[in-house]
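Peer 1:
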Amino acid sequence: MATASGASDLSGSGAPPPGVGAQAAAAAEEEEREVVRVRVKKCESFLPPEFRSFAVDPQITSLDVLQHILIRAFDLSGKKNFGISYLGRDRLGQEVYLSLLSDWDLSTAFATASKPYLQLRVDIRPSEDSPLLEDWDIISPKDVIGSDVLLAEKRSSLTTAALPFTQSILTQVGRTLSKVQQVLSWSYGEDVKPFKPPLSDAEFHTYLNHEGQLSRPEELRLRIYHGGVEPSLRKVVWRYLLNVYPDGLTGRERMDYMKRKSREYEQLKSEWAQRASPEDLEFIRSTVLKDVLRTDRAHPYYAGPEDGPHLRALHDLLTTYAVTHPQVSYCQGMSDLASPILAVMDHEGHAFVCFCGIMKRLAANFHPDGRAMATKFAHLKLLLRHADPDFYQYLQEAGADDLFFCYRWLLLELKREFAFDDALRMLEVTWSSLPPDPPEHEVELVGPPSQVADTSFGGHRGRPVRQAHAEACQWRR
Amino acid sequence: MGNGTEEDYNFVFKVVLIGESGVGKTNLLSRFTRNEFSHDSRTTIGVEFSTRTVMLGTAAVKAQIWDTAGLERYRAITSAYYRGAVGALLVFDLTKHQTYAVVERWLKELYDHAEATIVVMLVGNKSDLSQAREVPTEEARMFAENNGLLFLETSALDSTNVELAFETVLKEIFAKVSKQRQNSIRTNAITLGSAQAGQEPGPGEKRACCISL
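Sequences listed follow chains Y and F, in order. Numbering-wise, the working numbering puts 455 at position 455 of the first sequence, and it's gapless, one number per residue. Quick note: to get the working numbering, add 477 to the position in the second sequence (first position is 1).
(1) Are at least three pairs of beta-carbons, each pair with one atom in the region 611 to 620 of chain F and one in the region 635 to 649 of chain F, less than 8 Å apart?
(2) Could you tell me the distance, in whole angstroms, from the CA atom of Gly370 of chain Y to the CA atom of Val443 of chain Y?
(3) Give the range of the alpha helix (DSSP H) segment to which Phe352 of chain Y is assigned.
(4) Which of the three DSSP states is assigned to Leu566 of chain F in this structure?
(5) Would you list the one or two residues that DSSP bridges to Ser85 of chain Y?
(6) For chain Y, is any of its Cβ atoms less than 8 Å away from the one on Gly496 of chain F?
(7) Between His386 of chain Y and Leu587 of chain F, what straight-line distance do the alpha-carbon atoms span, to the nearest angstrom?
(8) Excluding the five sequence neighbours on either side, which residues of its own chain have a C-beta within less than 7 Å of the C-beta of His441 of chain Y, listed in chain order?
(9) Under the assumption that Gly333 of chain Y contacts Phe283 of chain Y (Cβ atoms under 8 Å), give the Cβ distance between them as a whole number of angstroms.
(10) Are Leu424 of chain Y and Pro305 of chain Y closer than 8 Å when you measure CB to CB?
(11) What residues in the region 285 to 297 of chain Y have a beta carbon less than 8 Å from any beta carbon of chain F?
(12) So which residues of chain F does Gly480 of chain Y contact, with C-beta pairs closer than 7 Å?
(13) Go ahead and pull the three-state DSSP assignment for Leu484 of chain Y.
(14) Of all the residues that make up the region 497 to 522 of chain F, which are near chain Y by a beta-carbon distance shorter than 7 Å?
(15) Quick one, are the C-beta atoms of Leu606 of chain F and Val580 of chain F less than 8 Å apart?
(16) Verify the CB distance criterion: does Asn526 of chain F have a CB-CB separation below 8 Å to chain Y?
(17) Does any residue of chain Y have a CB that is nearer than 8 Å to the CB of Ile554 of chain F?
(18) Once the 5 residues before and after Cys354 of chain Y are set aside, which same chain residues still bring their CB inside 7 Å of it?
(19) Name, please, each residue of chain F whose Cβ falls closer than 7 Å to the Cβ of Tyr321 of chain Y.
(20) Beta carbon of Asp485 of chain F, beta carbon of Ala537 of chain F: below 8 Å?
(21) Since Arg408 of chain Y meets chain F, which of its residues come closer than 9 Å, beta carbon to beta carbon?
(22) By the 10 Å Cβ neighbour count, where 16 or more other Cβ atoms means buried, how is Gln67 of chain Y classified, buried or exposed?
(23) So, Leu70 of chain Y versus Ser85 of chain Y, is the Cβ gap smaller than 8 Å?
(24) Whole angstroms are fine: how far does the CA of Pro217 of chain Y sit from the CA of Asp129 of chain Y?
(25) When we look at the beta-carbon of Val35 of chain Y and count the other beta-carbons within 10 Å, is it buried (16 or more) or exposed?
(26) For Gly557 of chain F, go through chain Y and note every residue whose CB falls closer than 9 Å to its CB, in chain order.
(27) Restricting to Cα atoms, I'd like to know which of F:Asn487, F:Leu506, F:Ala557, F:Arg511 is closest to Thr535 of chain F.
(28) Going along the chain, which residues of the region 561 to 579 of chain F sit with their C-beta nearer than 9 Å to a C-beta in chain Y?
(29) Pick out whichever of Y:Ile224, Y:Phe404, Y:Arg223, Y:Ala363 has its Cα sitting closest to the Cα of Leu380 of chain Y.
(30) In whole angstroms, what separates the C-alpha of Ala557 of chain F from that of Lys376 of chain Y?
(31) Is the distance from the Cβ of Glu44 of chain Y to the Cβ of Ile224 of chain Y below 8 Å?
(32) Need the endpoints of the beta strand (DSSP E) that Thr528 of chain F sits in, please.
(33) Identify whether Asn602 of chain F lies in helix, strand or coil by the three-state DSSP scheme.
(34) Verify whether the separation of the beta carbon atoms of Gly547 of chain F and Ser498 of chain F is less than 8 Å.
(35) Using C-beta distances below 6 Å, list every residue in its chain close to Pro435 of chain Y, excluding the 5 sequence neighbours before and after it, in chain order.
(36) I'd like to know whether the C-beta atoms of Tyr559 of chain F and Val493 of chain F end up nearer to each other than 8 Å.
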């Protein structure tokens, strides 16, 4: 899995290790070792091999940092298509080149193969015509490891065997999706390439520069649009898609940012009683709970007893949002939007930050005046009339041209219309079709206070819109 | 009263389900239209629909039932939701007094948007949970009587009275419609030749126009 990378240059040192999962365990063993010497051999078709040597701090060198060191060391800019492998030992103790595809691989390499120095090999691959093959090159071990390695042969042949099957599924999904996109006009407007495999960790790092900053946000989105994201990478990539990060953060800054925002969330969560009256809070909590108990309960993440930790996290997240956004409060449908985010982040604070990111775009859909939804229906109507006039006429004759049967589709961005795990893929592809909209400074976790006067549309009796949840509460008193 | 085929009907009656979130509106609907009940049904978002065609005497009536989210936040569709509705089931959960306490508010919302002649039944759902009852039958019955509503207690879970509830509402509508159609024919006969005929029909005729095919 990808973690935010530490900033580094050839002589960089001193920062604490990024402590996440397996990497943390590997990194812990590395604590006393400050420098790893690296020797690299570059191989490119018929050219004679080239060699470079340098040293890195293993505690702050991530794969993407290493990649950029190599790009600079061998002047590879323009040749982004290369594979890295390191000389390690297989199970039989034989020396083999093992592929370096992730930060996890790199930690293993530092831990097991860096004495007296880490021996790397860079394979420059000729550029391919097919964009599809280009992507497979990046994740196929065959090109990274020499064809004389038996293990690698086996792995690559498995990949090859799986390819046609995967492709046929992707094509199938692609057809369905492109139809949906056609109707909802979610396309980029440029020619849509054939579908690709999900974005992998290694490939994701090619979108970051040597400081770990996302350098090509639009291209990253286009790439995700073509194939989604590998499930293990979602935790990282969704934060970009949900416009959580301001522009230009380095890996280290991203980690600090998320930590700080999480603390901010914990603080807000402790302020429920200050921010809402006891009656309002009680109303919000009971409404949220009623819905949380019937949101994605068939999925393992939310299955089990009603006081399970994930259900409580979802409840607390939504309650905090309602309390801190009095103009929006809680509305049915929000639990459906928050549920996949929490399941992917698996961290209440991070999920809240992401939820605020997505709600910046979607909050208007929940506004009591219904204006945003009315606009959506109007657009859908126009699109349908344009895309399928016969069907539109049929609906008109049946008196269904108000398209209200699409309400749930529009409000939840089709989330309910797919099985949970398929919905994750569908959502990330949908989100990636929107232009990046990073916050100027950072994601706001608190919405504007109530009491904003508003004149409603469509003869809605023109009364000012009060605090949404106050209004909802009043309805029940 | 039995099922007719989907396409073969003489009348379409639009019936709406209203009431607080979580009282079991969606399960009442699925029990009636598909004979299904789900313990972990999801929240209804916006509006959802289902139909079932039933025979009332010799007439096939297609009940087009609209189900909506109990949380009153979907204003964009409120008026469309009630428009043309000839029947309503106002549902509360008889194990949760709060859902009964707001029945009057729902009634007001209904009469604000629907026509005054709409047939309304007050439905106390979840009668299978009688040990947890918080709303006495007689109290609800009295309220219904005083407000001119039909009343039944149902259980979508064990099917008690679900058929009967929808059937009673549909029959009541049917009776009204039959009567109004006769009135309407008479009225039309009388006003024949008037240039203004039909422009501003009384409630009875308007109803008949909405329903008859």
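Beta carbons: idealized from backbone N, C-alpha and C, even for Gly. This one's a predicted model, so the numbers in the text were calculated from it and none came from an experiment.
Peer 2: With the given structure in hand:
(1) A contact between stretches requires three or more CB pairs, one per stretch, nearer than 8 Å, and the region 611 to 620 of chain F fails this requirement with the region 635 to 649 of chain F.
(2) It is roughly 25 Å from the alpha-carbon of Gly370 of chain Y to the alpha-carbon of Val443 of chain Y.
(3) 348 to 362
(4) strand
(5) Y:Ser99, Y:Arg121
(6) Using a CB distance cut-off of 8 Å, Gly496 of chain F does not count as an interface residue toward chain Y.
(7) 36 Å
(8) Excluding residues within five positions, the ones whose Cβ falls inside 7 Å are Pro246.
(9) Contact doesn't hold; Cβ gap of about 17 Å is too wide.
(10) no
(11) Thr287, Lys290, Asp291, Arg294, Thr295, Arg297
(12) Summary: the structure shown does not reach residue 480 of chain Y, with chain Y confined to residues 1 through 477, and so no result is reported for it.
(13) Residue 484 of chain Y is absent from the structure shown; chain Y starts at 1 and stops at 477.
(14) Ser498, Gly499, Asp517, Ser518, Arg519, Thr520, Ile522
(15) no
(16) The question names Asn, but residue 526 of chain F in the sequence shown is Phe. Yes, its Cβ sits closer than 8 Å to a Cβ of chain Y.
(17) Residue-level contact check: Ile554 of chain F touches chain Y, since one or more beta carbons of chain Y fall below 8 Å from its beta carbon.
(18) Trp238, Arg239, Leu242, Val244, Ile341, Met345
(19) Those within 7 Å of Tyr321 of chain Y in chain F number zero; the least Cβ separation is about 15 Å.
(20) Yes, Cβ-Cβ distance for Asp485 of chain F and Ala537 of chain F is below 8 Å.
(21) Thr521, Ile522, Gly523, Val524, Glu525
(22) buried
(23) no
(24) Only weak support is given to the placement of Asp129 of chain Y: the predicted model assigns it a pLDDT of 43, under 50, and the question is left unresolved by the model.
(25) That one is exposed.
(26) Inspection of the sequence shows that residue 557 of chain F is occupied by Ala rather than by Gly. Result: Asp402, Phe404.
(27) F:Asn487
(28) Gly561, Gln575, Ala578, Val579
(29) The candidate whose alpha carbon is nearest that of Leu380 of chain Y is Y:Phe404.
(30) 16 Å
(31) With respect to the 8 Å criterion, Glu44 of chain Y and Ile224 of chain Y are not classified as neighbours on the basis of their beta carbons.
(32) Where Thr528 of chain F is concerned, the enclosing beta strand (DSSP E) stretches over 524 to 533.
(33) strand
(34) yes
(35) none
(36) At the C-beta level, Tyr559 of chain F and Val493 of chain F come within 8 Å of one another.
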